Amino acid sequence: MGKPLDAASPNPSSSSTPSRLTEPYASITPHPPPPHRYFDEDPTELANDDLPPLYSDHEEFNADSCTPFDPLLPRVPHGDIFEAVHPFRHDETCAYFLDPRLDRDPDFLADHIYKLAQLPPRPFVKIVGTHTEKSGDKSRETRTVTDFDIEIELTHLLYSDIRSAQAWRSVKTAGNFEKVRRGTVFATRAPGFGGTGPVPEEGTPELREWCRRYCASGASLKCFTMERRVEGYDWDTLRRRLEGLVGATNYRGHVQIEFPVRHSLVRVYNDCRANRWRLTPWIAKVFVFTLAFVLAWPLLFFSTRRWETVTAEWRMSEAAAVPGRRRYVSLSEEAWYAAWAATIQAAMLERRRGLLDQGDLERTRRGGCRPGEGMGGAEAMGVVNRSFGWGGDDY
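Yeah, the sequence shown ends on 697 if you go by our numbering, and it's all consecutive.
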């Protein structure tokens, strides 16, 4: 056979480094092992571009306060505070404010209302299916059973670019012929336009003028309201399409389709003890349980002067140049229905309860299922329900 290569078996005598195998152990100088490298030590050879960004690179998260970061808040100049006053109380529909600065400074109140008008309302689609059935005992009591209760949020449809908070919104005030509360107990038109007043209204007051009148009022109890409205969507057409979608599943129960708008109201009350009590939940419950509200409610109603003249309109569509056509800030009613119809129908057949999100939409598009669930049984039940009908009343 051939001779082996010299590179594969070098001659020890010809090596430049003497072999230690023939040396005595005492003559070998021990070498310390290489130092251990810990994972939390940054290697010196890393460039600056390879390091994670400094915390100062994310100034929007470095506020001294503990307020959570809200991506829907419009960007404001550096050093400005978007919301100078925190709500005294809030629920899913309304935020209530109590602060002396809002009572005496009309410019501060106007800026506060204008900033809050840039926060979006939250429109939803809510579909509920119920049926009634009687219990099997001797009492034969009737109870209502909820077959499905699903919601879909439409807030993203208010934006053309949600990352930069680009939307079709504007702050408007009531016209002189509109019947609204103008520092009164009951709704009325402007003086000189069908309403009562010492001096006829000249022009249409703007936001700052209404704030000036509110702050100048000497009423002991007063309230300034701003309403966020969603405009430009044909809710009746969308309701009919959804009713047809429910009927296509052969559902025989009672269907209720609503379009609730949450975060739609802002109420500013003047800071006083009576208003603090009326906005404190446990005090309100005490008045209800002791029946004191029978006297307190009429007194508060007739003693409170209200201004309901400012609205923040969020338009989902506008009239186009072509007559009879509209242009949409995001999706039209038909486009939204086409995207969500299959997901909504599957959720009804699965008797879902809760909020449907983008994950449900993606699963429907892939024809898959939720993790840990098999679709064989659900699909079979859906076929049976659609064939024989389901959700009917049981008397």
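A virtual CB, placed ideally from N, CA and C, is assigned to each residue, including glycine.
Please read these numbers as outputs of a predicted model, since none were measured by experiment.
Item, Value
"What three-state label does DSSP hand N364 in the structure shown?", "Confidence at N364 is low in this model, with a pLDDT of 49, below 50, so its placement is unreliable and the value that follows should be read with caution. Residue state, collapsed to three classes: coil."
"Could you check where the beta strand (DSSP E) with E503 kicks off and where it finishes?", "It is not in any beta strand (DSSP E) - E503 carries neither H nor E in the DSSP assignment."
"Tell me, which residues are paired with D463 by DSSP?", "Q468"
"Short check: CB of V612 to CB of L404, under 7 Å?", "no"
"Assuming R424 contacts E455 under a Cβ cut-off of 8 Å, what Cβ separation, rounded to an integer in Å, is found between them?", "6 Å"
"Check whether the Cβ atoms of A614 and A419 sit closer than 7 Å, and answer yes or no.", "yes"
"Roughly how many angstroms separate the alpha carbons of A518 and S462, rounded to a whole number?", "40 Å"
"Return helix, strand or coil for P493, following the three-state DSSP convention.", "strand"
"Counting pairs of beta carbons, one from the region 659 to 667 and one from the region 480 to 493, are three or more of them closer than 8 Å?", "no"
"Look at the Cβ atom of T457, then the Cβ atom of T446, and state whether they are nearer than 7 Å.", "no"
"Would you mind reading off the limits of the alpha helix (DSSP H) that contains K587?", "583 to 591"
"In angstroms with no decimal places, state the Cα-to-Cα distance between W512 and R653.", "49 Å"
"Can at least three beta-carbon pairs, one atom from the region 614 to 624 and one from the region 516 to 532, be found at a separation below 8 Å?", "yes"
"Note the first and the last residue of the continuous alpha helix (DSSP H) segment covering D659.", "Premise fails: D659 is in no alpha helix (DSSP H) and is neither H nor E."
"Whole beta strand (DSSP E) runs in the region 393 to 455 with 3 or more residues, listed along the chain?", "396 to 400, 424 to 436, 444 to 455"
"Which residues share a DSSP beta bridge with A623?", "Answer is none; A623 lacks a bridge partner."
"With distances taken from CA atoms, which of K524, F595, V501 is nearest R575?", "K524"
"Per the DSSP calculation, Y516 is bridged to which residue(s)?", "In DSSP, Y516 forms no bridge with anything."
"Please confirm whether S634 has its beta-carbon closer than 7 Å to some beta-carbon of chain B.", "Within the model displayed, chain B is absent; a lone protein chain is all it includes."
"What number of angstroms, rounded off, separates the C-alpha of R391 from the C-alpha of A598?", "20 Å"
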